[in-house]
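Residue numbers (full-length UniProt numbering): 1 to 878.
Built from N, CA and C at the ideal position, the CB exists for glycine as well.
Please read all numbers here as calculations on a predicted model, not as lab measurements.
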Amino acid sequence: MRTDSEQTIYLKDYAPTPYRIVSVDLDFRILEDGTRVRAQLTIEPRAETAPGTPLVLDGDELKLDSIAIDGAPLVLSAYVADANSLTIVEPPNRRFVLDTQVTLQPEANTRLMGLYRSSGTWCTQCEPEGFRRITYYLDRPDILAPFKVRMTAPVAVAPVLLANGNPIDRGDAGDGLHYAVWEDPFPKPAYLFALVAGDLGAITDSFTTMSGRKVDLAIYCTHGKEGECHYAMDSLKRSMAWDERRFGREYDLDIFNIVAVSDFNFGAMENKGLNIFNDRLVFAKPETATDANYHGIERVIAHEYFHNWTGNRITCRDWFQLCLKEGLTVYRDQEFTSDERSRPVQRIHDVQNLRTSQFPEDGGPLAHPPRPDHYREINNFYTTTVYEKGAEIVRMLATLLGEVDFRKGMDLYFERHDGEATTIEAFIKVFEDATGTDLGQFITWYLQAGTPQVEVSDSFDAASQTYTLTLSQKVDPTPGQPDKQSLLIPVRFGLIGPNGNAMSWSGVSGGTVRDDLILLDKDSVTLTFTGVANKPVPSLFRGFSAPVKLRSSLTQDDLLFLARHDSDPFNRWDALQTVSTNLIAEAAQGRRWTAAQADALRQALIDTLDNPELDPAFKAQAIAIPAETALGRHIGKDVDPDAIARARHDFVTTLVGPMADQLEARYDALTVPEPYSPDAAQAGRRSLRNGLLTLLTAGSDRGAALAASQYEAASNMTDRYAAMAISAHYWTDEAQALLGDFRTRFAGDPLVFDKWLTASAQAPDDGVIERMRAILAAPDFPRTNPNRLRSLLGSFVMSNPTQFARADGAGFRFVTEAVAEIDKVNPQVASRVLTGFRILPTLEAGRRDAGRAALDALKAQHTLSRNVGEILDRILAG
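(1) Can you tell me the Cβ-Cβ gap for P536 and Y467, rounded? I've got them flagged as a contact below 8 Å.
(2) Mind checking who S457 pairs with in its DSSP beta bridge?
(3) By the three-class DSSP mapping on this structure, what secondary structure does L793 have?
(4) Need the endpoints of the alpha helix (DSSP H) that C323 sits in, please.
(5) With distances taken from CA atoms, which of D27, A533, E298, G494 is nearest G543?
(6) At the level of alpha carbons, what is the spacing between I489 and W122?
(7) For the segment 120-134 against the segment 190-200, are there 3 or more C-beta pairs whose distance is under 8 Å?
(8) As an exercise, report each continuous beta strand (DSSP E) stretch of at least 3 residues that is fully enclosed by the segment 254-329, in chain order.
(9) Using C-beta distances below 6 Å, list every residue in its chain close to T208, excluding the 5 sequence neighbours before and after it, in chain order.
(10) Considering only the alpha carbon of each residue, which of S262, R847, H374, D607 lies closest to L751?
(11) Excluding five sequence neighbours on each side, which residues of the same chain lie with their C-beta closer than 6 Å to the C-beta of K474?
(12) Can you give me the C-alpha to C-alpha distance between R313 and P51, rounded to a whole angstrom?
(13) Which full runs of the alpha helix (DSSP H) of 4+ residues lie inside the segment 548-619, going along the chain?
(14) Report the residue from L397, T35, A622 whose alpha carbon sits nearest the alpha carbon of T435.
(15) Return the residue from the list C221, V548, P141 that minimises the CA-CA distance to S118.
(16) Spatial neighbours of C323 within its chain, please: CB distance less than 6 Å, with the 5 preceding and 5 following residues excluded, ordered by chain position.
(17) Helix, strand or coil, according to DSSP, for L864 in the structure here?
(18) Measure from the alpha carbon of S865 to the alpha carbon of each residue in S545, V829, Q465, then state which is nearest.
(19) Identify the continuous beta strand (DSSP E) that holds M659 and give its terminal residues.
(20) Nearest CA to the CA of A761: which residue from P782, P128, Q803?
(21) Does the Cβ of G590 have 16 or more other Cβ atoms within 10 Å, making it buried, or fewer, making it exposed?
(22) Applying the 10 Å Cβ sphere with the 16-neighbour rule, what's the burial state of S727?
(23) DSSP three-state label for L74, please.
(24) Would you mind stating whether S239 and F336 have Cβ atoms separated by less than 8 Å?
(25) Given this structure, state the Cα-to-Cα distance separating A723 from G691, to the nearest angstrom.
(26) From L177 to Q125, what does the alpha carbon distance come to, in whole angstroms?
(27) Look at the alpha carbon of Q49 and the alpha carbon of H374, and state the distance between them as a whole number of angstroms.
(28) State the Cα-Cα distance for the pair E420 and F320, rounded to the nearest angstrom.
(29) Does the segment 504-517 come close enough to the segment 454-462 to have 3 or more Cβ pairs within less than 8 Å?
(30) Cutting at 6 Å between CB atoms, please list the residues of its own chain near V330, excluding the five before and the five after it.
(31) With a threshold of 7 Å on Cβ separation, who are the neighbours of I378 within its own chain once the five nearest residues in sequence on each side are excluded?
(32) Secondary structure at M1, three-state DSSP: helix, strand or coil?
(33) Identify which residue in T87, L62, Q40, V80 has its Cα closest to the Cα of G71.
(34) Please classify Y10: is it buried, with 16 or more other beta-carbons within 10 angstroms of its beta-carbon, or exposed?
(35) Go ahead and pull the three-state DSSP assignment for G636.
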């Protein structure tokens, strides 16, 4: 294997640049045959920089057209320019203006980093290192400067010209061209630069801030899609109001623009004042968007807006600090959605995502700390560890400090570091200073990889009315970190008595307990509670108060008791999931459940459905049977996906059969007669109804007919897609007919095509690989579009374990062959697909060897990008 670079970047090598950029003036001349970029950078040496120190600017596939300093062209001996850097051999020892010009070909930029063209629209993506593909620059997040941007383009093809900040001029440029000038007064790193030029429609609105300022809002989109942008606009306005109420953060520019584009590597990008979004996270109407799509739009709109303060006004010193902006902002968007919808259900969603994506990452060859100490390709560290585990760390900090002190710390963070590029250490320091709390042990969460395992044992002495609870923590070795430190783990808890009510105690010793919070700060803590009248059932890690794996001696009876009586909704849900997981996992390993165990769980599910105090959205989560991928993670070693699939199918059939009539009656009663609304109440009813349909289709003869009937009668995409996707899992003639109708019915809508691709790729029949080959080979399949590729290959890798991890290796070979092709045009998408191979260490030997053979073949036969090469090496080393 040869990759385009083997350089490893280390945190320990961080140093400020010898020069700083004071201001940036950019002039873009955007034409059909290429784009000329003139950059005038005002630069000065730092006080400690020795005279004559070379100035080295970053580039990526650039060709220099001209260069001057203070208006005087440079002679060839004064600089060295190549595609990836520009060195000024001996810059002036004073402030000066470097003037360069390059010419770009955006239409040929299939990597979708820097300036590229999407469906006729010129747009940019600069995080993390895309700006160097636009012009030579100190392309790192600790270089903050104000930007002024002039764009000239043909008015016929690009009547809309947008950039960061506020518009200050526009007009006719002659010869069918026009221009616009934008100025962003807030210093920013280059990764937040954005430009859009195209023929776009728009919807507009306004928002009045808490100080009475009017902010003009606009969402730009493909013509004809304006009507699908209103939910995104509503989400934006609600986000702006929430950030004022919850964190006191007011928007700072006169304009906030969003642009939806169809070719985008990420979900969205928080460029200052000009957010660029993947169109799947903007467009929504009931006929083509599901409740989950609406939910995702709401959350990502909020996430990118919240970055204005946690990411833009305060940014990262270096890319090792990525978790500083992303983990904090994910926490903020989770809190927003919790306040807007059901907090318990949102918490369940967040933890499901963490367990599905981040726990496997933390436990496999791709494990890394939330703040890594080295990387070869920074794009590979936009991970669930940085985002989701990072959010959990902030949540634990809020739990430890309490709401009032956490807000004090956040207020000090905004006050102290506004306008700076800062670090994780500085973030933690503000909370120490604001509250007087020693967080020296807590910061280890950011520095250490791996998911902690907490083991629990307990005992009760009736004579002395004493209850003893022991909690022990450990973290297994991870790549590069064989030795682990004890963490400060917040454990929210309660003790529940035999009558189902919360129990109290007169005293506690052996550790730190504050009200309902245990601080597990050592390898092991034994707590003794006195004045406990009866043996309690402990409810631990309420609200999932820490991202850990819990190992306890609770029996199935204990867990079902919690499912009925725990006052914490998360633990009620988790108890039911744990019972199902244990029973199916044991059956997959040859120890089938007893009739009594199945009967007890069945009754608990019925009791949950009948509980009028529980909302439908929660019930939908509670009755769901763990997915095959979750069961594989639980088993964790020598996993046989086929055995898991058989055991799960048998379990659902056993569980559902005796209660099929009851489930169907509830299914019928949940029909939503009102016109579609994406609000939480309606979405919850649909979620529960489709959850019941999932059970009935898997466990009764009538399910397939119900699914077909729902598909035909559906008035919205949520119900139609659910019926099709549920049916597709069984790949019957009827299911294939539904997929065929779906494809025809929504022909011409790319985002609905993504749904069809996902359902097709997740069908676990033996013909799925050949069908996917045919899809990829079709002349009209857009092989350079990230959404299409993720929907097909990402869904297959992450959600079809029996076919991806086939014993004959066919699934592995198919994916590595596809990765090799995609890597030639878009390394980011290719490397993301390849991360699915992180499951290899957990598989049984035959599948593990087949997977490694496919990776070895990829490594031997292809020249690979740095993105793919790094992921490949880490997986093979694991």
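This is what the structure holds:
(1) Here residue 536 corresponds to residue number 536 of the sequence shown, with the count starting at 1. Here residue 467 corresponds to residue number 467 of the sequence shown, with the count starting at 1. Right, the Cβ-Cβ distance comes to about 6 Å (below 8 Å), so this counts as a contact.
(2) Along the sequence shown, read from residue 1 onward, the residue named residue 457 stands at position 457. The partner list for S457 (beta bridge, DSSP) reads T470.
(3) For the purposes of this step, residue 793 is identified with residue 793 of the sequence shown, where counting begins at 1. Three-state result, L793: helix.
(4) Here the question's residue 323 lines up with position 323 in the sequence shown. Start and end: 322-340.
(5) The residue labelled residue 543 in the question sits at position 543 within the sequence shown. Ranking D27, A533, E298, G494 by Cα distance to G543 puts G494 first.
(6) Stepping through the sequence shown from its first residue, residue 489 is reached at position 489. Stepping through the sequence shown from its first residue, residue 122 is reached at position 122. Cα to Cα, I489 sits roughly 48 Å from W122.
(7) With the cut-off at 8 Å, the segment 120-134 and the segment 190-200 touch.
(8) 255-261, 274-278, all fully within the segment 254-329.
(9) As a first step, residue 208 must be located in the sequence shown, where it is residue number 208. Cβ within range, chain order: K214.
(10) As a position in the sequence shown, residue 751 is number 751, starting the count at 1. Across the set S262, R847, H374, D607, the C-alpha of S262 shows the shortest separation from the C-alpha of L751.
(11) Taking the first residue of the sequence shown as position 1, residue 474 is located at position 474. Only residues of its own chain outside the window of five on either side were considered, and among them Q453 have a CB closer than 6 Å to the CB of K474, listed in chain order.
(12) Looking up residue 313 in the sequence shown gives position 313. Looking up residue 51 in the sequence shown gives position 51. In a straight line, the C-alpha of R313 is about 32 Å away from that of P51.
(13) Listed in chain order, the complete alpha helix (DSSP H) runs (minimum 4 residues) inside the segment 548-619 are 556-565, 569-588, 595-610.
(14) Taking the sequence shown and counting its residues from 1, the one referred to as residue 435 is at position 435. The candidate whose alpha carbon is nearest that of T435 is L397.
(15) What you label residue 118 is simply residue 118 of the sequence shown in a count that begins at 1. Of C221, V548, P141, the residue nearest in Cα terms is C221.
(16) Translated into positions along the sequence shown, residue 323 becomes position 323. Excluding sequence positions up to five before and after C323, its CB lies within less than 6 Å of the CB of P370, R371, V386, G390, all in the same chain and listed in chain order.
(17) Along the sequence shown, one-based indexing puts residue 864 at 864. Here L864 sits in strand by DSSP.
(18) The residue given as residue 865 occupies position 865 in the sequence shown. Ranking S545, V829, Q465 by CA distance to the CA of S865 puts V829 first.
(19) Taking the first residue of the sequence shown as position 1, residue 659 is located at position 659. Taken as a continuous stretch (DSSP letters only), M659 belongs to no beta strand (DSSP E), as it is neither H nor E.
(20) Working through the sequence shown from its first residue, we reach residue 761 at position 761. Per the Cα distances, Q803.
(21) Within the sequence shown, numbered from 1, the residue matching residue 590 stands at position 590. Of the other Cβ atoms in all chains shown, fewer than 16 fall within 10 Å of the Cβ of G590; this residue is therefore exposed.
(22) Taking the sequence shown and counting its residues from 1, the one referred to as residue 727 is at position 727. So S727 counts as buried.
(23) For the purposes of this step, residue 74 is taken as residue 74 along the sequence shown, with counting starting at 1. In this structure, L74 counts as coil in the three-state DSSP scheme.
(24) One-based indexing of the sequence shown puts residue 239 at position 239. One-based indexing of the sequence shown puts residue 336 at position 336. Yes, they are a contact pair.
(25) Looking up residue 723 in the sequence shown gives position 723. Looking up residue 691 in the sequence shown gives position 691. Using only the alpha carbons, I get a separation of about 10 Å.
(26) Residue 177 sits at position 177 when you count from the first residue of the sequence shown. Residue 125 sits at position 125 when you count from the first residue of the sequence shown. About 24 Å.
(27) Along the sequence shown, read from residue 1 onward, the residue named residue 49 stands at position 49. Along the sequence shown, read from residue 1 onward, the residue named residue 374 stands at position 374. Residue 49 is actually Thr in this sequence, not Gln. Whole-angstrom Cα-Cα distance: 26 Å.
(28) By one-based count along the sequence shown, residue 420 stands at place 420. By one-based count along the sequence shown, residue 320 stands at place 320. Near 16 Å, if we compare the C-alpha coordinates of F320 and E420.
(29) Verdict: no, contact absent.
(30) Against the sequence shown, residue 330 aligns to sequence position 330. Shown here for V330: same chain residues with a beta carbon closer than 6 Å to its own, the five before and five after excluded, namely Y387, A391 in chain order.
(31) In the sequence shown, residue 378 corresponds to position 378, counting from 1. In chain order, P128, E129, W319 place their CB closer than 7 Å to the CB of I378, counting only its own chain and leaving out the 5 sequence neighbours on each side.
(32) Residue numbering aside, residue 1 sits at position 1 when the sequence shown is read from its first letter. Confidence in M1 is poor, its pLDDT being 44 and thus under 50, which makes the residue's placement unreliable; the coordinate value appears in the next sentence. DSSP places M1 in coil when its eight states are reduced to three.
(33) Along the sequence shown, read from residue 1 onward, the residue named residue 71 stands at position 71. It is Q40 whose Cα lies nearest to the Cα of G71.
(34) Within the sequence shown, residue 10 is the residue found at index 10, counting from 1. Counting C-beta atoms within 10 angstroms of its own C-beta, Y10 has fewer than 16 neighbours from the protein chains shown and is therefore classed as exposed.
(35) What you label residue 636 is simply residue 636 of the sequence shown in a count that begins at 1. Assignment of G636 by DSSP, reduced to helix, strand and coil, places it in the coil class.
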